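Report on the structure given below.
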């Protein structure tokens with residue numbers, strides 16, 4: 004046994020100089036537990052910080068505790084990362100110490116020299132840590148990031164609570180040093196700077212309308228449905244128990260091509276009425292059962308990105324969706340036109356109020 008191991012055995016494990024079978028099992032279990040913790044901590048760094056805004060917005064719509072923990076942890080990413088690094092260091096040190104002691108006891112009765120034992124320990128522990136506690140979890144996490152992050156969320160929450168105070172001080176200290184030495188190095192260009200750069204384009208290269216479209220494209224990927232939807236207060240619908248004559252009157256009054264059909268309230272949407280579906284039935288009697296032409300509604304969460312919603316509209320060939328909140332209540336509606344207006348600007352139709360170009364100056368002009 005080498006000098007370092009002798010000190011370790013005498014200082015840290017004075018009662019375990021000769022391991023009993025029970026003690027060996029206990030220490031082996033501790034080593035296994037520490038390796039599992041290190042496995043999840045190392046992989047979680049890849050899993051959590053590779054989640055896209057789309058992934059996080061999707062997790063916000065879920066009710067599972069593990070997904071809510073992920074969202075909560077990522078609210079302070081720098082502190083989380085510092086806590087993960089500290090936890091990984093402590094867990095790995097614990098694993099090395101326990102494994103070092105187990106190997107010493109395993110080889111204590113052999114004729115291997117202290118140098119040979121040291122080489123065996125370095126090779127064995129290094130291979131295990133590199134392959135099973137670094138490479139494997141990170142590769143696995145890169146391919147199953149949401150599952151891995153959810154599986155490790157409870158472990159991370161515990162370690163983040165333990166190291167939160169110290170991590171917060173470390174992050175604050177490093178940020179002060181960073182600001183003093185090199186200022187803010189966030190690595191990203193401010194959105195206002197991008198808009199300013201677009202405005203600097205000469206008129207012969209881009210018209211005012213084209214510049215507006217460029218700005219719309221720039222911000223398009225970060226916009227959520229709730230930012231562009233028409234709120235519940237602006238939503239008009241048709242009650243499911245309305246008579247056919249009342250439906251016709253409502254459609255003529257509102258001039259909308261699509262209207263939600265609700266039961267007791269807008270929180271209970273029964274379907275969608277496309278006004279073009281009424282055309283073949285305009286001459287039907289007042290007792291005509293118009294419910295047969297109601298279509299299935301399409302629901303989206305208010306935190307869905309409009310970039311994703313546009314793809315869904317295109318694939319499903321629909322133009323209208325009911326927006327719901329996290330409790331399933333109706334927040335509003337969103338249309339394909341609302342999405343396109345974020346890129347090309349306001350789209351006016353024949354029913355929009357036009358601003359008169361003529362203004363009264365006085366009684367005679």
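In my numbering, the protein residues as written are 4 to 368.
For glycine and all other residues, C-beta sits at the position ideal for the given N, C-alpha and C.
Keep in mind that this is a model prediction, so the values were computed, not measured.
- By the CB criterion at 8 Å, residue 305 and residue 328 fall inside the cutoff.
- Closest option to residue 128, judged by alpha-carbon separation, among 34, 294, 293, 240: 34.
- Check the Cα spacing between residue 337 and each of 279, 281, 262: the tightest is with 262.
- DSSP places residue 334 in the uninterrupted beta strand (DSSP E) bounded by 333-338.
- Annotated as proximal: residue 70 and residue 153, with beta-carbon spacing under 8 Å.
- Straight across, the Cα-Cα distance linking residue 345 with residue 176 is about 41 Å.
- Residue 227 is not a Cβ neighbour of residue 319, given a cutoff of 8 Å.
- Taking every protein chain shown into account, the CB of residue 349 has fewer than 16 other CB atoms within 10 angstroms, so this residue is exposed.
- If you draw a straight line from the Cα of residue 72 to the Cα of residue 51, it comes to about 11 Å.
- With respect to the C-alpha of residue 267, the residue from 281, 244, 259 having the closest C-alpha is 244.
- Under the DSSP assignment, residue 317 falls outside any beta strand (DSSP E), being part of the alpha helix (DSSP H) whose first and last residues are 309-319.
- Per DSSP, the continuous beta strand (DSSP E) segment holding residue 327 begins and ends at 323-327.
- The shortest C-alpha to C-alpha distance from residue 294 to any of 264, 303, 97, 65 is the one to 264.
- For residue 68, the enclosing alpha helix (DSSP H) stretches over residues 68-76.
- In this chain, residue 205 is not harboured by any alpha helix (DSSP H), its DSSP state being neither H nor E.
- A contact is defined here as three or more CB-CB pairs under 8 Å, and the region 55-70 fails this definition with respect to the region 121-139.
- As the crow flies, the alpha-carbon of residue 213 is around 53 Å from that of residue 135.
- Sequence-distant Cβ neighbours of residue 223 in its own chain, meaning closer than 8 Å and more than five residues away, are 309, 310, 345, 346.
- Rounded to the nearest whole angstrom, the C-alpha separation of residue 342 and residue 225 is 12 Å.
- Bridge partners of residue 277 according to DSSP: 261.
- For the pair residue 246 and residue 161, the Cα-to-Cα distance works out to about 59 Å.
- In the DSSP assignment, residue 146 falls within the alpha helix (DSSP H) that extends over 139-146.
- The residue from 258, 273, 220 with its alpha-carbon nearest to that of residue 242 is 273.
- Close CB contacts of residue 173 within its chain, under the 7 Å cut and outside five residues either way in sequence, are with 85 (chain order).
- Comparing alpha carbon positions, the residue from 278, 181, 38 closest to residue 97 is 38.
- The shortest CA-to-CA distance from residue 145 to any of 45, 276, 220 is the one to 45.
- DSSP assignment within the region 87-162 yields the following whole alpha helix (DSSP H) runs of 4 residues or more, N-terminal first: 117-133, 139-146.
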